[in-house]
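Undergrad:
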Amino acid sequence: MMKYSVKAALTVSTIALGATAASAEKWDMPMAYSATNFHSEMGVVFADKVREYTSGDLDITVHPGGSLFKGGEIKRAIQTGQVPIGERFMAAHANEVPLLGWDNLPFVATTYADNAKLWEAAKDTVNGQLADINLVTLYTCPWPGQGFYFNKDVNSSADTQGVKFRSYNTATATFAEALGMVPVQVEAAELSQALATGVAEAFISSGSTGYDRKVWEHLSNYYKVNAWLPRNYVMVNKGVWEGLDADTQAAVQKAADETGAACSAKSEELAGWYFEQLEANGMKVENAGADFLKELEAIGADMQATWLKDTGADGQAILDAYNAN
Ligand code: PCA
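FYI, the numbering for the sequence shown is 27 to 351, going by this note's numbering.
Laid out in C-alpha cells, this is it:
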C-alpha cells in the first residue's frame, strides 16, 4: 500500500513538471558564428531577456556556430518555418534581395555612428522587403569594419593577382575579382579549414572573425580598410510572429531593442581590441597603403553603381536620406 502511494505521488509530480514545461513555448534559435563571438553571446542575452520579460512563457535556446543550421541555410529555415527564429549575416543574401546589400557599400558608412544613420535610412524599406519573404527583423547588430587578410605584404593589385580569396557574398566576390583574385564562398564556421587546406589564402572581414578563427595560424597581414560595417539580423518567421499575442510581442521587442543597442556598443568596444589580439599573435596589422586604397575606392564606386542599378529608386532613396542628414 505504502509502495503504491509513493508511486502515485511520483506520477503526479511528473505530470506537474510536464505541465510547466508544456506551458512555455520553446524556440530553437540557430546562429552562424562561434559561441564565444559577441553576436552569439548577445543572442544568449536576448534569450535570457525574453524569458524574463515573458515570465518564462517563451523559452529560446541559442544554437551557435552553425550547429543547428549552417549560416547559409538559416534564413531559409526561418522563412519556411523549420525554426521560428534565427540569426543571419544579411548582406549574404543581397543576390536574392539586392537591397540587403545596403550595409555592404564600400566607403559609404565607415563609422558606427554613420552605419547607424544608414540603417535608420534603410530600415523601413529593408524590413518591408523582408516581410515580403516572410521575415520580421527583431534586432540587427554591426560587425566591426571590414579589411583584408593576406599571407604576404600587399601594396596594390599587383600583389593580389591569382590569390585564392574567401568571399562571404556576391559583393565580396566581385571585389576580389576586380583585384584579380579568385573567389570562393566559405562560411566563417569553415574558414579555418579553408585556410588550412589552401582552399583560400586571403579574405575580407573584421578583426573579430580573424580572432575567432585564429587566422594567425595561416595568415600574416591584416590591412585595415574599414570598407563597411555589415550587420547580422535576428529574425523571426512572420506567421509565427503574428501568432504571438500583443503582450508577448511587446516583451520580445523590448528584449530585442535592448539587445540590439547593447550588441552594437559591444561591437564598437571590441573593434580595437581584436586588432591588438591579432598583433599579439604575431600578425602585422596596418592601414592599407595609399595605392591599394585608391584602387579599393575605385572598385567601391563601381560596386555602389551596380547596387543602385539593382535596387533602383529604393536604393537611391536610402542614400539620399542618408546624405541629407
Ligand atoms: N565576419 C563575418 C561577416 C562579417 C565579419 O566581420 C564573416 O567573415 O563571415
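For glycine and all other residues, C-beta sits at the position ideal for the given N, C-alpha and C. Note that this is a predicted model, so its numbers are computed, not measured.
1) Which residue wins for smallest C-alpha separation from Asp150, given the options Phe191, Thr136, Leu125?
2) Identify the continuous alpha helix (DSSP H) that holds Tyr249 and give its terminal residues.
3) Is it the case that the CB of Ser293 approaches a heavy atom of the ligand PCA more closely than 7 Å?
4) Express the C-alpha separation of Ser290 and Ala272 in angstroms, rounding to a whole number.
5) How should Thr166 be labelled, buried or exposed, when 16 other C-beta atoms within 10 angstroms of its C-beta is the threshold for buried?
6) Please list, in chain order, all residues of the same chain as Asp336 whose beta carbon is under 6 Å from its beta carbon, the five residues on each side excluded.
7) Between Lys250, Val278, Leu205, which has its C-alpha nearest Phe174's C-alpha?
8) With a threshold of 16 other CB atoms inside 10 Å of the CB of Ala253, please say whether the residue is buried or exposed.
9) Exposed or buried, what is Gln342 when buried is set at 16 or more other beta-carbons lying within 10 Å of its beta-carbon?
10) Short of 8 Å in beta carbon distance, which residues of its chain neighbour Lys96, apart from the five on each side in sequence? Order them along the chain.
11) Is the CB of Asp83 under 8 Å away from at least one CB in chain D?
12) In whole angstroms, what is the alpha-carbon distance linking Tyr259 and Gly82?
13) Looking at C-alpha atoms only, which residue of Ala135, Phe229, Tyr300, Asp54 is the closest neighbour of Val210?
14) Hey, could you find the ends of the beta strand (DSSP E) Gln211 is sitting in?
15) Could you pull out every residue in the same chain whose Cβ sits closer than 6 Å to the Cβ of Ala277, ignoring the five residues on either side in sequence?
16) Does the beta-carbon distance from Asp54 to Thr106 come in below 8 Å?
TA: The answer reads as follows:
1) Leu125
2) Unbroken run through Tyr249 is the beta strand (DSSP E), 247–250; no alpha helix (DSSP H).
3) For Ser293, the shortest C-beta to heavy atom distance toward the ligand PCA is 7 Å or greater.
4) 27 Å
5) buried
6) Pro124
7) Lys250
8) buried
9) exposed
10) Cβ within range, chain order: Ala58, Glu213, Ala215.
11) In summary, chain D is missing from the structure at hand, where a single protein chain is found.
12) 24 Å
13) The residue with the shortest Cα to Cα distance from Val210 is Phe229.
14) 208–211
15) Tyr79, Thr80
16) no
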